[in-house]
Structure formats: structure tokens, C-alpha cells
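A.B. asks: With positions in the sequence shown counted from 1, the corresponding number in this note's numbering is that position plus 60. My questions all concern the structure below.
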Amino acid sequence: MSGFFKKLMHGFSQDSDPVTNYEGSKGVGLRIENLNKSFEDNHVLRDISLDIQAGETFSIIGPSGTGKSVLLKHIVKLITPDSGKIYIDGQDIFAEDVDKKPKGYRYSMVFQTSALFNSLSVGENVGLWLREKRVCPENRIRRIIREKLRLVGLEGKEELMISELSGGMKKRVAIARSLAMNPDLILYDEPTAELDPVTSDELARVIMDLKKELQLTTIIVSHDLNFALYLSDRVAMIDPEGIVEVGTPDQIKASENPVVRKFIYTTTKGIKGED
Ligand SMILES: Nc1ncnc2c1ncn2[C@@H]1O[C@H](COP(=O)(O)OP(=O)(O)OP(=O)(O)O)[C@@H](O)[C@H]1O
Ligand SMILES: [Mg+2]
61 MSGFFKKLMH GFSQDSDPVT NYEGSKGVGL RIENLNKSFE DNHVLRDISL DIQAGETFSI
121 IGPSGTGKSV LLKHIVKLIT PDSGKIYIDG QDIFAEDVDK KPKGYRYSMV FQTSALFNSL
181 SVGENVGLWL REKRVCPENR IRRIIREKLR LVGLEGKEEL MISELSGGMK KRVAIARSLA
241 MNPDLILYDE PTAELDPVTS DELARVIMDL KKELQLTTII VSHDLNFALY LSDRVAMIDP
301 EGIVEVGTPD QIKASENPVV RKFIYTTTKG IKGED
């Protein structure tokens, strides 16, 4: 198999075990350059530039309405920018000829609402993409579903109906479904919205364990600062003027930037674990 084809097939090729073989997975780097987007006279994204490394867990935090979801929707090409560029794995995703070239990576997004099908079981939700694309035979699909559920701590829960699940479990099913395609890049929009603090902590551990086991690049948008500081390699803070600061959790905590300080104190009344 040629190198490029192998890369596209990673995790699903016949000469490897598609269930547990993540060798072909590779986090992909992402570069955002001077991205601008307005909706009529509402200039939502202002000159956003970010460099996210392959394999990194990167969070974008900021107050409501600052364009975090809009930014994610650009990365998954649900929205096109007014100006600026996004490169994933070195490829300009908005280039005119981009659809003519095969992509060497896969991405998948976990939506804020989870967007699960209530009339389907847990296993059917996770297997939806695999069955639709007929990537491999049914017996393998069932093994893949079992493996993805294991990764999110829901082993053996295939038969449960979505309506029987707690909020935290639904979120994990949504993650397992996103993992079904062996993404190289996974994006989460407000993963802790509607979750209590204990469930949020559990979810943080699930996302951190995924990073250990898979090599994917993770981008999270959230206004949950403690969550982002706990699990991220780096955090970017965004406000209506654009990116305010980018740094490791320790750098963000120690930031002297008044906008960052204000966000920390208004949203969390201080950082968890600090007096
Ligand atoms: N399709 C659209 N058409 C017009 N305006 C939009 C559209 N999508 C988003 N907006 C506007 O863009 C701004 C940013 O929205 P966005 O949903 O990205 O905010 P956010 O930072 O994700 O907020 P939250 O933390 O509440 O989720 C808002 O003013 C919103 O009304
Ligand atoms: Mg949002």
C-alpha cells in the first residue's frame, strides 16, 4: 500500500487490526492566520492567529459571544472566513482546489448539544459513521464500537438507549462516536456545559486518557476556565478584541494581563486549588 493511501486508511486497513491499532493515527498541526469574520456589522473574529502543535491539547477560553463556536465552525469548514487562512497538516483548507486533493487526515467535532439520536442505542450511535461509509465488515464494526466505548469508560453499554443516560454519559457517547473514524484532530465545543463539577472532572480525565492512548490533536472551546487549565497543554484567551494571551496553564495563571486577571476572577472567583 502506498504511504499516502496507508495514511488515509489508518486504523481501517485490512493488513492491520482496525480495532486497536492506532499506529497510523497522528495528531495534525493547525495554523490559523489573521482570520476575520463578520456577520453584517458584527465583527466577531478579529485577526485571530494561532499555532497549534500536532498532538497538543489546546483550549480556547473566553466570555460568551466572543466567537469561540464560530472559530471552531471555521476549522470544520461549516463557515468560511471573510479573510485569513487556516492550514491543517500544512494544507490550506479554504484553497479553491482543496477538494480535488485527498486529505491526509480526519477530523471530528463533539458538538455542545451532543447531537445524539435518541431513537438509537448507544452502540448504534457510535457505529453510525462506520456503517454509513461501510469502512469494514459488520463484525469489525461491532469490535470497533466496543473499543471506542472502552476508551470513554462505557465498555459494554452498547444496548442502552440514549434516553436512559445521564448528561455525562451522553457526552462520552458523543466522544466515542467522534472517535469511530480514528480522527487525527478532535474538536470539542463546550464539553462541560450542563455538567456538574464532579462529572466535568470525570470528563477531563476521559479527555486526558485519550491523549495518552491516541496521538490526536485536541482543540477545546469553553468558558470553563478551571477545566481548560486542568487538562490543556496550552490555553488561548479570546475576548471581543481578539486573542488576548496564549500560554501554558501556569503562564495563564501567572499572567499580569488585566483582561486575563479579570476573566479569572469574574468566572471562577479565583483558580481552583489557590487561596
Ligand atoms: N450564523 C450566524 N449568523 C449571524 N450571527 C452569528 C452566527 N453565528 C454566530 N453569530 C454571532 O457571532 C457571535 C459569536 O457567537 P459564538 O456562538 O461563536 O459565541 P461563543 O463565544 O461560542 O459564545 P458561548 O460561550 O455563549 O457559546 C454572537 O454575537 C452570535 O450572535
Ligand atoms: Mg459557543
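Note that beta-carbon positions come from the ideal geometry of N, C-alpha and C, so glycine has one too. In this text the structure is predicted, and so the values were computed from the model without any measurement.
Pull up the DSSP beta-bridge partners for LYS193, would you.
C.D. replies: For LYS193, which the question treats as bridged, DSSP gives no partner whatsoever.
A.B. asks: Would you please state the rounded distance, in angstroms, between the beta carbons of VAL88 and ASP149? I believe it to be under 8 Å.
C.D. replies: At roughly 4 Å, the Cβ-Cβ gap stays under 8 Å, so VAL88 and ASP149 are in contact.
A.B. asks: Secondary structure at MET241, three-state DSSP: helix, strand or coil?
C.D. replies: DSSP places MET241 in coil when its eight states are reduced to three.
A.B. asks: Tell me the DSSP bridge mates of ASP152?
C.D. replies: TYR147.
A.B. asks: What is the DSSP secondary structure of ARG166, reduced to helix, strand or coil?
C.D. replies: Looking at ARG166 - three-state DSSP - the assignment turns out to be coil, as it is neither helix nor strand.
A.B. asks: Considering only residues of the same chain and omitting the five flanking positions on each side of ILE312, which have a CB-CB separation below 6 Å?
C.D. replies: These residues qualify, in order along the chain: VAL295.
A.B. asks: Report all residues from its chain with a CB closer than 7 Å to the CB of GLY300; omit the five preceding and five following residues, and keep chain order.
C.D. replies: The question names Gly, but residue 300 is Pro in the sequence shown. Closer than 7 Å at Cβ, skipping near neighbours: THR126.
A.B. asks: Short of 7 Å in beta carbon distance, which residues of its chain neighbour VAL136, apart from the five on each side in sequence? Order them along the chain.
C.D. replies: Once the five neighbours on either side are set aside, the close Cβ partners of VAL136 are TYR167, MET169 and LEU247.
A.B. asks: Compute every distance between the C-beta of ASP249 and the non-hydrogen atoms of ligand 2, then say whether any falls below 7 Å.
C.D. replies: Indeed, a heavy atom of ligand 2 lies less than 7 Å from the Cβ.
A.B. asks: Just to confirm, is the Cβ distance from GLU156 to GLY183 under 8 Å?
C.D. replies: No; because the gap between Cβ atoms is not below 8 Å, this pair is not in contact.
A.B. asks: Might you give, ordered along the chain, the residues of its own chain that have their beta carbon closer than 8 Å to the beta carbon of PRO336, omitting 5 neighbours on each side?
C.D. replies: Missing from the structure shown is residue 336; the chain here goes from 61 to 335 and no further.
A.B. asks: Please determine whether the Cβ atom of SER181 lies at a distance below 7 Å from any heavy atom of ligand 2.
C.D. replies: SER181: no, Cβ never under 7 Å from ligand 2.
A.B. asks: Measuring only the C-alpha atoms, how far is VAL304 from VAL319?
C.D. replies: Their Cα atoms are separated by approximately 7 Å.
A.B. asks: Quick one, are the C-beta atoms of ILE222 and PHE177 less than 8 Å apart?
C.D. replies: Yes, Cβ-Cβ distance for ILE222 and PHE177 is below 8 Å.
A.B. asks: DSSP beta-bridge partners for MET221?
C.D. replies: BP columns for MET221 point to SER181.
A.B. asks: My parser needs the alpha helix (DSSP H) runs of 4 or more residues fully inside the region 232 to 277; what are they?
C.D. replies: For the region 232 to 277, whole alpha helix (DSSP H) runs of length 4 or above, ordered along the chain, are 257 to 273.
A.B. asks: Using a threshold of 8 Å, state whether the C-beta atoms of PRO309 and SER282 are closer than that.
C.D. replies: Cβ distance not < 8 Å, so PRO309 and SER282 don't count as in contact.
A.B. asks: Any heavy atom of ligand 2 inside 7 Å of the beta-carbon of SER98?
C.D. replies: No, Cβ of SER98 sits at least 7 Å from all heavy atoms of ligand 2.
A.B. asks: Alpha carbons only, please: which of ARG194, LYS208 and ILE121 is nearest the one belonging to TYR290?
C.D. replies: For TYR290, the nearest C-alpha among the options comes from ILE121.
A.B. asks: Output the distance between the C-alpha atoms of SER143 and ILE108, rounded to the nearest integer angstrom.
C.D. replies: C-alpha separation (whole angstroms): 10 Å.
A.B. asks: For ASP111, which of helix, strand or coil comes out of DSSP?
C.D. replies: Correct three-state label for ASP111: strand.
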